[in-house]
Structure formats: C-alpha cells, structure tokens
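Asker: If you read the sequences in order, they're chains A and B.
Each residue of the first sequence is one higher than the one before, starting from 0 at the first, in numbering that gives the first Met the number 0.
Each residue of the second sequence is one higher than the one before, starting from 0 at the first, in numbering that gives the first Met the number 0.
By construction, the Cβ of each residue, glycine as well, lies at the ideal position given by its N, Cα and C atoms.
Handing you a structure now.
2 protein chains.
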Amino acid sequence: MSELRWDPLKNNWTIITKGRGRRPPDFLQRRTQVKMSACPFCSGNEEKTPPEIYAFRPNDSQANQPGWQVRVIPNKFPALRIEGELNNRAEGLYDRMNGIGAHEVIIEHPEHDRSMADLTIEELAEVLKAYRTRMLDLRRDSRFRYIFVFKNFGIEASANVPHSHSQLIAVPLIPPMIATELSTCREHFQRKERCLFCDRHSQERQSKERVVRDDVNFIVYAPYASSFPFELMVAPLEHSHDYTLQTDQQLLLLADTLRDTLRRLRSILRDPPYSFILHSAPPTHLRWGRPDYWASLPSDYHWHIEIAPKLTNVAGFEWGSGFQMNPTPPEEAAEFLRNADLSVT
Amino acid sequence: MSELRWDPLKNNWTIITKGRGRRPPDFLQRRTQVKMSACPFCSGNEEKTPPEIYAFRPNDSQANQPGWQVRVIPNKFPALRIEGELNNRAEGLYDRMNGIGAHEVIIEHPEHDRSMADLTIEELAEVLKAYRTRMLDLRRDSRFRYIFVFKNFGIEASANVPHSHSQLIAVPLIPPMIATELSTCREHFQRKERCLFCDRHSQERQSKERVVRDDVNFIVYAPYASSFPFELMVAPLEHSHDYTLQTDQQLLLLADTLRDTLRRLRSILRDPPYSFILHSAPPTHLRWGRPDYWASLPSDYHWHIEIAPKLTNVAGFEWGSGFQMNPTPPEEAAEFLRNADLSVT
Chain A
0 MSELRWDPLK
10 NNWTIITKGR
20 GRRPPDFLQR
30 RTQVKMSACP
40 FCSGNEEKTP
50 PEIYAFRPND
60 SQANQPGWQV
70 RVIPNKFPAL
80 RIEGELNNRA
90 EGLYDRMNGI
100 GAHEVIIEHP
110 EHDRSMADLT
120 IEELAEVLKA
130 YRTRMLDLRR
140 DSRFRYIFVF
150 KNFGIEASAN
160 VPHSHSQLIA
170 VPLIPPMIAT
180 ELSTCREHFQ
190 RKERCLFCDR
200 HSQERQSKER
210 VVRDDVNFIV
220 YAPYASSFPF
230 ELMVAPLEHS
240 HDYTLQTDQQ
250 LLLLADTLRD
260 TLRRLRSILR
270 DPPYSFILHS
280 APPTHLRWGR
290 PDYWASLPSD
300 YHWHIEIAPK
310 LTNVAGFEWG
320 SGFQMNPTPP
330 EEAAEFLRNA
340 DLSVT
Chain B
0 MSELRWDPLK
10 NNWTIITKGR
20 GRRPPDFLQR
30 RTQVKMSACP
40 FCSGNEEKTP
50 PEIYAFRPND
60 SQANQPGWQV
70 RVIPNKFPAL
80 RIEGELNNRA
90 EGLYDRMNGI
100 GAHEVIIEHP
110 EHDRSMADLT
120 IEELAEVLKA
130 YRTRMLDLRR
140 DSRFRYIFVF
150 KNFGIEASAN
160 VPHSHSQLIA
170 VPLIPPMIAT
180 ELSTCREHFQ
190 RKERCLFCDR
200 HSQERQSKER
210 VVRDDVNFIV
220 YAPYASSFPF
230 ELMVAPLEHS
240 HDYTLQTDQQ
250 LLLLADTLRD
260 TLRRLRSILR
270 DPPYSFILHS
280 APPTHLRWGR
290 PDYWASLPSD
300 YHWHIEIAPK
310 LTNVAGFEWG
320 SGFQMNPTPP
330 EEAAEFLRNA
340 DLSVT
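What follows is the structure, given as structure tokens:
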C-alpha cells in the first residue's frame, strides 16, 4: 500500500508509492558523455572565462593564471546580474522587479576529469571554504536577501560544462523554499523552544532506520517524506544556523562526510546525476536599523545540505498538485546506502 | 536584463531570464518513439486492462468489447488505491496516512496513433465529458478531498503507454498547489468582492500581449509569471468555479479551443512533450454537516486548464529555491503561438 507522509520542515506531503520500480537497479541510467574541446574551466584556459573573483592558490601564483586549486568566476550567462537597481514595481495585478543578483561558478579542481567524489578530503575542504568566503563577501551587499550554493552533476542541459563545478547565487528575495523552512522552524521554536532540525536528528538517531551515517559531527539521513528516491540530508549535529560560522576544522570534517556520502551514491546508483543545495540562515540586514522580519530568526534555523539524485521525471501529477511522488521508501534507500560498497569508483 | 515576476494566483516569483535560448527552434527535441507490441489501450485488446469503469459507446456495444470511443479504466499501477481506511497517524514529529484514493486512465480514442490534437472536436468533447462524469462519480466518496485530471504527452518515463490517454486522480488531501490557489483567490475575493481569475482575464484582454486566443467563450494566454516556456492557461471567460457544471455545449466549445491550442503548440514546437492539468473547485463535504473550511470557497474560485510544454530541465536551482527560471518571456511565447501556422501537423 502506498503512503502519504508529511514533513514538518517542508510542510508538505509526499506520496511514497512503493511497488513500482524502486530499487537501485531500476534507476541505472546511461550517462551521456558531453565532449568539449578546450574546456574553459580547465587549468591553462583561464583567459576563456571572466576574470576570477576568488581563487585558492597554494603556490601563490598570479590571478587568472594556472596554479589555482579552486577558482570562482562570474557565470558567463548569469540568471541574475549584479549591476543596476531593483526597480520593484506593479503592473496591474502583477509585480515585477529587475533581475538583480549575483551568479558565480565555483570550479572545484583544475583537472577536467575529477568529480567531487574524487577529490581528496583536503581538496574538497577548500571548495567548502570557497563557499564560505563568497557567502560572506556577498552578504555585504544589502540588495541580496539570500545567498545559496547549488550543484548539478551529470544532468544534461543543466550542467552544460562537465568539468566539476558548483554555483552560487544571490537573490533579491527570500526564495519560497527557504521562506517555508524559516517559518516552520520558527513556529516549532516558538512553541517548544527547540530547533526543529535538532528534534528531527534526535528522532532519526533513535530510530536509526533512515540514517546513512552518523559520525558524531554530522548526520546523513534519508528524510522521512523524501520527495525523490535516495534523497539525503546532511547536517551538523551541533546546532548552528549559519554555514559561514563553521571553522576550517569543521569544514574538513564536513568534506569527509560529504565525500563519503557522494561515494555511497556513486556506488549503489553507478554515478547518478544529482543536484545538491546548501541552505543557511539568510543574512540579517541590521546595519540600516530597519525592522527586519528575519533579523531574529537565525537561532531557530539550522544550516544543512540536501542531495537529490535525479532519477525520476517530474510531470503532470507533481506539477499540477504540488505533491511529489516517490517510489522508494527512505528506509530502503538508507539501507542500500549504509551497505554501499565503497570500493566502487 | 532578466526580470523577477510575481503571480498573485500562485503567490510565487518566476525569474524570466531572457537571453539564453528562448525561441521555439532552441527547444526542438527529437521525439523518442516508444514501440509497443499489442498496446493494451487499443480497441480489440480490452481484456489486457482491468474492467472498464465508464465508456462512451455510440454503437451500444458491450462493456469491455470494441465499439467504444472513450474508455475509462483503473490504472493498473495506481499511485493510490481505492480500498481501505486512511488511518491518519503520527510518527514522532512526522505524520503519515495510507495511500487511499483513485487513479484512473481515460483512453481518449480507440486508435493507437491519434493524439489529442488529431481528434475531431466532437471526439475531444466526449473525452471532456468523460472527465466530467468521472469527477462527479468520485465526488460522492467522502474520503476524497480533491479530484483532478492530468495528461502527460510524449514525456519519456512518464507517459509509459504512447496511446493517447489522460489520467484522473482522487486524493485524500487538498494538494498544496490547489490550497495556494484557493487561498489566493479567497483573499482576493474577500478584499475586492471580485474573482481573481476574472480580474486577470480583464487585464489580459486589455493588454492583449499575452493572449493567444480569445473566442468570447474561452481565453487562452501565457501567464505573466509563466514558470515554463510556452506555458498556457485556458479558462472560461464566464465565471464558473466548477468544471462539472459545464454543459455539453460548453464542452464542445472547450474542445474547439483546446484542440486549437494544442495544434498551435504542435506547429511551433514540432509536437513537443507536454503536461496539462485541470483544476476545479474541490467537492464540498456538506452532507455530514461538519464544518468545512472549503465549503464556502467555490464561488471565489475559477476552474481552468494549465498546459506546460516540457522543454527545460528542473535542477538544483529550482529545487533548492522554489523559484522557477524561464528563458522565454510570455509575451514572446504568445506572439509565436498567435502566429502559428495551423496547417502544420
């Protein structure tokens, strides 16, 4: 029998259908190899990209020259642009504003054929530090209400350049997904004086059936009402609302956890396409002294990374209802991932 | 410059990126032909499906035998099942209920190779009447809070059987998308004593730039904050909350409008994959005399069909933020569709 499950964080129901194809072999896909002549993200091709915004250059090499290990550049085809005024205005019943924001690309490694799961823990930690550096910098621009990192791996037409990279985007509005999480967390906190994430983590650690990895510092689990097969949540066990407050040492531990998680997915789903996103509390805009609805929120939020392998198609049902339909119960997904053979590359 | 646009109905922002590929030739896809030996939906293969629930049989032929023109059967692999109790229960922080509901397939034509756009207006009207009949029947089951029709055309892994069909699903909860529409419509009505849809239609008819077709009975337009390229709204101009109240004559007019719209999409996007959904007011559950939040809603809602060609991929950005990103401004989409060459098949 299929089941409807409600997630107090997303405030949404998922239909866990069970029964239709739901195990890893049902999802194996042939990966399309995107061939590129002269990848602009490769070391040596720096002149093919806009000038870098930030780079980790262990050898003290020159900007926009080889020698970097992580490199951040503006997106050449940005969804949002940094120049201009918001010009928020009405048009009859509707509203519009200019597409002001920032859209950056984090190139994770100078070599073309290394995926995030292939990096050393130290290399991955530098990528995570680059996220932190760029978030802190963009926060200073008061036009941006939210800044988040996302990554599309192996998704045709989404990851146009196969060279491993993530993206960072700053938007002039709190995105709806974040607004929901902030308000469910706040309601929970107001009622119980406890963090909703911390409460979830206690329940998950107790039941264990959806936990993939728990290394005392971070927990990795398949959410109870997972919208997608093998969806995962990665979060610090110690309460923390703001990713940018993580120390270098904590990011090294996160790199270990994240790499292990990506390798588990790679093992059981044969290098599946996936997306991940990093959600942290929104920057507060206190410096102008204006009332800010979100200003007091951070303490009741909890930063985290969500990972979703792209295994199923979203079509009329999901689009027309807002319900997600997921054939794989998260308890089964977690079991496959716990038992993954990590020698598979 | 890209633009953020807010839709008062969906209460959501879309980023219209402009500039990246956005015209019809940028979206042309090679259609994968799904070969099937002995299609279960073809006339003559009735024994390969579960027994029919409803059929339009102009020749008074026998149930589950050839002679039908439209045939409705239970989905062989239903997402939700009609038998059982809801058993709504908590599990710590979470909630779950059994997957109770109905999941039916409307086979639109006995022949295998006729798409919805190929039907005669009279044939399509019979499909629309079958939707009405089934909605009215399922409404009598008080476990179902909402009933809606959707169709996936040409979408790999979603439309498993290429023979033209739609699906109808009854769910034990108001879906989140409908809940949003019902509440935005209600708020608008409470403030202004006017229907939000009717107000939109006035504004669209005045500006004309997003209107594809206006035949006095129905309006077809590209919504101001379209989430997807070439997304369309089809709605009656006369206020009506409930699809099932449409007369045979009105459904014949709708068939004409809908077929014309599908042919325009086929012409400019070369038979694109698409989904459509039919949203109508939820059945009220007054007979038990229990207080029902939705009971007084219908008058401030307006039934409609939304059509979304499946041209772009949803990935990390959309999933992680809840914003949609759409490269094609609806004004451009409407212009292409208004000027479509309807002789193309």
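Would you say GLN189 (chain A) reaches chain B, if we count a Cβ-Cβ gap shorter than 9 Å as a contact?
Answerer: no
Asker: Grouping DSSP H, G and I as helix and E and B as strand, with all else coil, what is PRO57 (chain B)?
Answerer: coil
Asker: What residue range is occupied by the uninterrupted alpha helix (DSSP H) comprising TRP318 (chain B)?
Answerer: 315 to 320
Asker: Is ILE409 (chain B) near PRO49 (chain B), with beta carbons less than 9 Å apart?
Answerer: Here chain B has residues from 0 to 344 only, and residue 409 (chain B) is not among them.
Asker: For ILE218 (chain A), does the three-state DSSP call read helix, strand or coil?
Answerer: strand
Asker: Assess contact between the segment 326 to 342 of chain A and the segment 199 to 213 of chain B, defined as three or more Cβ pairs (one per stretch) separated by less than 8 Å. Is contact present?
Answerer: Taking one beta carbon from each stretch, the segment 326 to 342 of chain A and the segment 199 to 213 of chain B have fewer than 3 pairs nearer than 8 Å; the two do not touch.
Asker: Using the beta-carbon of each residue, which ones in chain B are nearer than 9 Å to PRO328 (chain A)?
Answerer: None at all; the shortest Cβ gap to chain B is about 11 Å.
Asker: Determine the direct distance from the alpha carbon of HIS278 (chain A) to that of TYR53 (chain B), and round the result to whole angstroms.
Answerer: Inter-residue distance for TYR53 (chain B) and HIS278 (chain A) is about 48 Å (C-alpha atoms, whole angstroms).
Asker: Can GLY66 (chain B) and ILE81 (chain B) be called in contact, C-beta distance under 9 Å?
Answerer: no
Asker: What residue from A:PRO222, A:ARG95, A:SER226 has the CA that sits closest to MET345 (chain B)'s CA?
Answerer: In the structure as shown, chain B begins at 0 and stops at 344. Residue 345 (chain B) is therefore absent and cannot be evaluated.
Asker: On the DSSP bridge assignment, give the partners of ASP97 (chain A) in chain order.
Answerer: Note that residue 97 (chain A) is Asn in the sequence shown, not Asp. DSSP lists B:GLU2 as partners of ASN97 (chain A).
Asker: I'd like to confirm the pairing. Which residues does DSSP put opposite LEU231 (chain A) in its beta bridges?
Answerer: A:ILE306
Asker: With distances taken from CA atoms, which of A:ALA254, A:PHE217, A:ALA224 is nearest SER239 (chain A)?
Answerer: A:PHE217
Asker: Would a C-beta distance cut-off of 9 Å place PRO222 (chain B) and TRP302 (chain B) closer than the cut-off?
Answerer: no
Asker: Suppose the cutoff is 6 Å on Cβ atoms and the five residues either side in sequence are ignored; what does the same chain contact list for ASN58 (chain B) look like?
Answerer: GLY66
Asker: For ALA333 (chain B), decide whether its Cβ has a neighbour in chain A, counting only Cβ atoms nearer than 9 Å.
Answerer: no
Asker: Drop a sphere of 10 angstroms on the beta-carbon of GLY43 (chain A), count the other beta-carbons inside from all chains shown, and report buried for 16 or more, exposed for fewer.
Answerer: exposed
Asker: Of all the alpha helix (DSSP H) runs that stay within the bounds of the segment 138 to 205 of chain B, which reach a length of 4 or more residues?
Answerer: 175 to 191
Asker: I'd like to know whether the C-beta of HIS111 (chain A) is nearer than 9 Å to at least one C-beta of chain E.
Answerer: In the displayed structure, chain E is absent; the protein chains listed are A and B.
Asker: Do SER414 (chain A) and ASN74 (chain A) have their C-beta atoms closer together than 9 Å?
Answerer: In the structure as shown, chain A starts at 0 and stops at 344, and residue 414 (chain A) therefore has no counterpart that could be examined.
Asker: Interface residues of chain A around PHE275 (chain B) at Cβ under 9 Å?
Answerer: GLY315, GLY319
Asker: If you measure between the beta carbons of ILE15 (chain A) and ALA333 (chain A), is that distance less than 9 Å?
Answerer: no
Asker: Would you say THR243 (chain B) reaches chain A, if we count a Cβ-Cβ gap shorter than 9 Å as a contact?
Answerer: By this cut-off, THR243 (chain B) is not an interface position.
Asker: Could you name the residues of the segment 139 to 154 of chain B whose beta carbon sits closer than 7 Å to any beta carbon of chain A, in the order they occur along the chain?
Answerer: PHE147, PHE149, LYS150, ASN151, ILE154
Asker: Grab me the residues of VAL170 (chain A)'s own chain with a C-beta within less than 6 Å of its C-beta, minus the 5 sequence neighbours each way, in chain order.
Answerer: GLY100, TYR145
Asker: Which same chain residues, not among the five before or five after ALA280 (chain B), have their C-beta less than 6 Å away from its C-beta?
Answerer: HIS240, ASP241, PRO297, TYR300
Asker: With a cut-off of 8 Å on the beta carbons, I'd call ILE168 (chain B) and LEU231 (chain B) a contact; round off their distance for me.
Answerer: Contact annotation, ILE168 (chain B) with LEU231 (chain B): C-beta distance approximately 22 Å; criterion of less than 8 Å not satisfied.
Asker: Is LEU277 (chain B) helix, strand or coil by DSSP?
Answerer: strand
Asker: What residues in its chain sit with their C-beta under 6 Å from that of HIS102 (chain A), if we drop five residues either side in the sequence?
Answerer: ASN74, PRO77, ALA78, LEU79, ILE168
Asker: Work out the CA separation of ASP255 (chain B) and GLN323 (chain A) for me, nearest whole Å.
Answerer: 32 Å
Asker: Out of curiosity, what's the CA-to-CA distance linking GLU122 (chain A) and PRO228 (chain A)?
Answerer: 29 Å
Asker: Within a Cβ cutoff of 6 Å, which residues of the same chain sit near LEU343 (chain A), ignoring the five residues on either side of it in sequence?
Answerer: For clarity, residue 343 (chain A) is Val in the given sequence; the question names Leu instead. Counting only Cβ-Cβ distances below 6 Å, and skipping sequence neighbours, we find SER266.
Asker: Output yes or no for whether 9 Å exceeds the beta carbon distance between GLU125 (chain B) and SER165 (chain B).
Answerer: no
Asker: Locate the beta strand (DSSP E) running through ALA333 (chain A), then write down its first and last residues.
Answerer: Element bounds for ALA333 (chain A): not the beta strand (DSSP E) but the alpha helix (DSSP H), 329 to 337.
Asker: State the start and end residues of the unbroken alpha helix (DSSP H) segment that holds PRO49 (chain B).
Answerer: Per DSSP, PRO49 (chain B) belongs to no alpha helix (DSSP H) and is neither H nor E.
Asker: Indicate whether at least one CB of chain B lies closer than 9 Å to the CB of ALA265 (chain A).
Answerer: Residue identity check: residue 265 (chain A) is Arg in the sequence provided, not Ala. Taking Cβ atoms only, chain B never reaches closer than 9 Å to ARG265 (chain A), which makes this a no.
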